[in-house]
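Quick note, the sequences are listed as chains A and B, same order. For the first sequence, this note's numbering gives the first residue as 0, with consecutive numbering after it. For the second sequence, this note's numbering gives the first residue as 128, with consecutive numbering after it. Glycine included, C-beta positions come from ideal geometry on N, C-alpha and C. Following: one structure in structure tokens, then a few remarks.
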Amino acid sequence: MLEIKNLHVTVGGKEILHGINLSLDEGQVHAVMGPNGSGKSTLAYVLAGRDGYEVTRGEIVFDGKDLNAMTPEERAHAGVFLAFQYPVEIPGVSGLNFLKSALNEVRKGRGESELDAVEFLKLMRERVSELKMDEALLKRPVNVGFSGGEKKRNEILQMSLLEPRLAVLDETDSGLDIDALRIVAEGVNSLRSPKRAMLVITHYQRLLSYIVPDKVHILAGGKIIAEGGKELALELEEKGYAMFGVTDEAA
Amino acid sequence: MAQATDISRAYADQFARLRATLPGAKDPKLSALREGALARFAKAGVPTPRLEDWKYTRLGALLDGAFEPSSPVVNGIGEDAIDALSPALAGGPRLVFVNGLLRADLCCLDGLPAGMRVESLGAAPADLAEALADRDADALWSLNGALARDGAIVTVAKDAGEGDPLHIVHLARPGAGGEASHTRHMIRIEPGAAATVVESFFGPDGAAYWSNAACLIRVGRDARLRHFRRQQEGAAGLHRTAVRVELDAGAAYESFGLFLGGAIGRDEISVRFAGEGASCTLDGIYLGRGTQHLDCTTRVFHAVPRCTSHETYRGVLDDKAHGVFQGLIRVEKQAQKTDAHMLSKTLLLSDRAAVDAKPELEILADDVQCSHGATTGDLDPASLFFLRSRGLPEARARAMLVEAFITQMVEGIGPDAVRADFTAAASAWSAGGLGGGMTGGRA
Chain A
0 MLEIKNLHVT VGGKEILHGI NLSLDEGQVH AVMGPNGSGK STLAYVLAGR
50 DGYEVTRGEI VFDGKDLNAM TPEERAHAGV FLAFQYPVEI PGVSGLNFLK
100 SALNEVRKGR GESELDAVEF LKLMRERVSE LKMDEALLKR PVNVGFSGGE
150 KKRNEILQMS LLEPRLAVLD ETDSGLDIDA LRIVAEGVNS LRSPKRAMLV
200 ITHYQRLLSY IVPDKVHILA GGKIIAEGGK ELALELEEKG YAMFGVTDEA
250 A
Chain B
128 MAQATDISRA YADQFARLRA TLPGAKDPKL SALREGALAR FAKAGVPTPR
178 LEDWKYTRLG ALLDGAFEPS SPVVNGIGED AIDALSPALA GGPRLVFVNG
228 LLRADLCCLD GLPAGMRVES LGAAPADLAE ALADRDADAL WSLNGALARD
278 GAIVTVAKDA GEGDPLHIVH LARPGAGGEA SHTRHMIRIE PGAAATVVES
328 FFGPDGAAYW SNAACLIRVG RDARLRHFRR QQEGAAGLHR TAVRVELDAG
378 AAYESFGLFL GGAIGRDEIS VRFAGEGASC TLDGIYLGRG TQHLDCTTRV
428 FHAVPRCTSH ETYRGVLDDK AHGVFQGLIR VEKQAQKTDA HMLSKTLLLS
478 DRAAVDAKPE LEILADDVQC SHGATTGDLD PASLFFLRSR GLPEARARAM
528 LVEAFITQMV EGIGPDAVRA DFTAAASAWS AGGLGGGMTG GRA
């Protein structure tokens, strides 16, 4: 489903990713682990198509299409979803209005019919209760006044509504206490499906105890330096990034 | 450009022609007042950018020649047409001025709040001298005073509770073009009373015309006035409103302006604190596109201790629109414990749009809390990317963020009917296409 081949990415004139190779099949969950500054977020942003993240070499093939040639909205319609590390607050836009607009744009983009207000509310309520969210939050402006956990849950709610083919979770565990982490991880797990792939980007092994990956890639210095099964994450937890001869600025 | 003296002479001729018909013409004291105002205008002339206060705003056609007094319009406008301009306020108490003259047949005074008295300028001889006051006036205020043919005198009796908003509608129906109306209003809120007044300005696209409105406001001890202005002149309209407010001890004045019409618009508001413990909030939003020029100028004079003034202005400018925000806060030496804050935020949606923001703090007291801030920029790239990553096409994401920027201001409007009216007007602006600058070369 996703083939990243020899991907070089430059941000502000500086090369951050130096030739990444990674392939991900339908139904699989892969983890990308790495120390701070290794290029994890760059990988997430370049998959979602953020301005300023320039692919200078290599390619990203998603369902046979050249992802890099697509705008962020086209990627969303094609089924790419990025759960942000730092979800933005958008004062003045109500959560419900945003979710309905996004869902209907994505449905339009996929050739599906738009939902009317009643259908939308029904679907939204279903998903909100699955995630144990407070529906009142969605009447507020997007993410404004939300706690860290509420923001992350809101990201998972969007993922659940937009039903992506590929979900990229950028440090979804950051800033969460253990209870919030469990709720978010349960939400993510409930969205695992044979038709969907996930790329879980994280610094720590902690999240991977809840979202168990099929494969782990270690990213350091803009390169994948090791790959393995879920046990690789456990080994990393024990020995630290030093086992790969790299230093972790956060450690 | 015509010689300033020619323009002054033309206005003097107008005055000579009209003076016998002006309210208060038979009272020698009032005549002298008007003559004095005319003389002050003649001396100063139409303001030009050479004046510090007008540095960023050039009054275009007003510098090219005198505008003739607009003609009375007696037919062709029905109540329905007025209702349609502000559906959310229809049915409430209202006064309607067409070309600067009160049209009694279009007014509705049934729901006038208890304690609120409304008269036209011509029907209130006892109040004329106060209403036509020309102290500390600038040239356009003086010209208004010399030529004002009509206006509203609104008085709210002591301790009267706040009722429905009074809507004062100004409608231009210019003939050939080059016509002006000079309305003069006075609003007095007596001690302990509260009221809401909405002023709206409308006109057709096409001929150039000038609305030169002046409004004198006095808010008595512990009284409150909420004052809204919606400036939606026609595309070639020139608009100037000057509001002068005096606040007694403990009084509260809240102003909110929505400025989105006219070729050139200038909304000026001056607040003077005359008694301790009073407060004002001056909020506004200006929305410009095409080649519009929209100027918001505020002056707040803290002359006594323990008063509070908070100002928040936002602008959205597209295409080649030009915005101006000038905010002066002066805190006199004796005005200790003043709390004065001013914030201006402008969104520029096109590379050719521009704004001049000039905050000015003159603080002579030493125990005060004062601040000002001004930001100018494009939409937040992180928010834009977030919305697009959720499937919203760029144009829709931008429109949503622009609307949000505006919504944050109008959603705070207190009276439901006014909030509905202003929200509808702002949404109509947002929906009016976001102009060439929106799509011009921004990936």
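Asked	Found
Looking only at C-alpha atoms, which of L16/A, P34/A, L233/A and D24/A sits nearest to G244/A?	P34/A
Suppose contacts are defined by Cβ-Cβ distances below 8 Å. Is V245/B in contact with P292/B by that definition?	no
Does any residue of chain B bring its CB to less than 8 Å from the CB of Q157/A?	yes
For S100/A, go through chain B and note every residue whose CB falls closer than 8 Å to its CB, in chain order.	L519, R523 and M527
Have a look at D410/B, F513/B and Q359/B and flag the residue whose alpha-carbon is nearest the alpha-carbon of L528/B.	F513/B
Taking the straight line between their C-alpha atoms, what separation do you get for A390/B and L421/B?	8 Å
Secondary structure at H312/B, three-state DSSP: helix, strand or coil?	strand
Inspect the beta-carbon positions of R152/A and I200/A and report whether they are closer than 8 Å.	no
Tell whether a beta-carbon distance below 8 Å holds between Y380/B and L374/B.	yes
Go through its chain and collect everything with a Cβ distance to F532/B's Cβ below 7 Å, but skip five positions before and after it.	R441, V443 and L474
Alpha carbon to alpha carbon, how far is L476/B from A362/B? Give it in angstroms, no decimals.	20 Å
Who are the neighbours of S516/B on chain A, taking C-beta pairs under 9 Å?	A47, G48, R49, P71, E72, R74, A75, V79, F80, L81 and F83
Note down the Cα distance separating L488/B from L455/B, rounded to an integer number of angstroms.	6 Å
Give, in chain order, every residue of the region 153–181 of chain A whose Cβ lies closer than 9 Å to some Cβ of chain B.	Q157 and L161
What first and last residue would you give for the alpha helix (DSSP H) that runs through Q157/A?	G147 to L161
Check whether the Cβ atoms of H449/B and A481/B sit closer than 8 Å, and answer yes or no.	yes
So what's P486/B in DSSP terms, helix, strand or just coil?	strand
Using DSSP with H/G/I as helix, E/B as strand and the rest coil, what is E237/A?	helix
How is the alpha helix (DSSP H) around M32/A delimited, first residue to last?	Taken as a continuous stretch (DSSP letters only), M32/A belongs to no alpha helix (DSSP H), being part of the beta strand (DSSP E) at V28 to M32.
Are the region 279–299 of chain B and the region 168–184 of chain B touching by the rule of at least three beta carbon pairs closer than 8 Å?	no
Express the C-alpha separation of Q204/A and L233/A in angstroms, rounding to a whole number.	7 Å
Quick check: G272/B and L255/B, are their CB atoms within less than 8 Å of each other?	no
Distance cutoff 8 Å, beta carbons only. Does A547/B sit that close to anything in chain A?	no
Tell me which same chain residues have a C-beta within less than 8 Å of the C-beta of T566/B, skipping the five on either side of it?	Caution applies to T566/B, whose pLDDT of 30 falls short of 50 and renders its modelled position unreliable; the value that the coordinates give is listed next. Contacts found: A522.
For the alpha helix (DSSP H) that L236/B lies in, which residues bound it at each end?	Neither: L236/B is in no alpha helix (DSSP H) and is coded neither H nor E.
Against chain A, does A552/B count as a neighbour if the rule is that its beta carbon must be under 8 Å from one of theirs?	no
Since F513/B meets chain A, which of its residues come closer than 8 Å, beta carbon to beta carbon?	F83, P86, V87 and I89
Whole alpha helix (DSSP H) runs in the region 28–96 of chain A with 4 or more residues, listed along the chain?	39–47 and 71–77
Can the beta-carbon of K447/B be found closer than 8 Å to that of L491/B?	no
Looking at chain B, which residues of the region 104–118 of chain A have a Cβ within less than 7 Å of any of its Cβ atoms?	E104, V105 and G108
Compile a chain-ordered list of the residues in the region 488–511 of chain B whose CB is closer than 9 Å to at least one CB of chain A.	D507, P508, A509, S510 and L511
List, in chain order, every chain C residue whose beta-carbon is nearer than 7 Å to that of F532/B.	In the displayed structure, chain C is absent; the protein chains listed are A and B.
With H, G and I counted as helix, E and B as strand and the rest as coil, what does DSSP make of E317/B?	coil
Going by Cα to Cα distance, which pick from Q130/B, P196/B, D232/B and G218/B is closest to G203/B?	D232/B
What is the DSSP secondary structure of R276/B, reduced to helix, strand or coil?	coil
Can you check which of these residues, M536/B, A462/B and L470/B, is closest to D493/B by C-alpha distance?	A462/B
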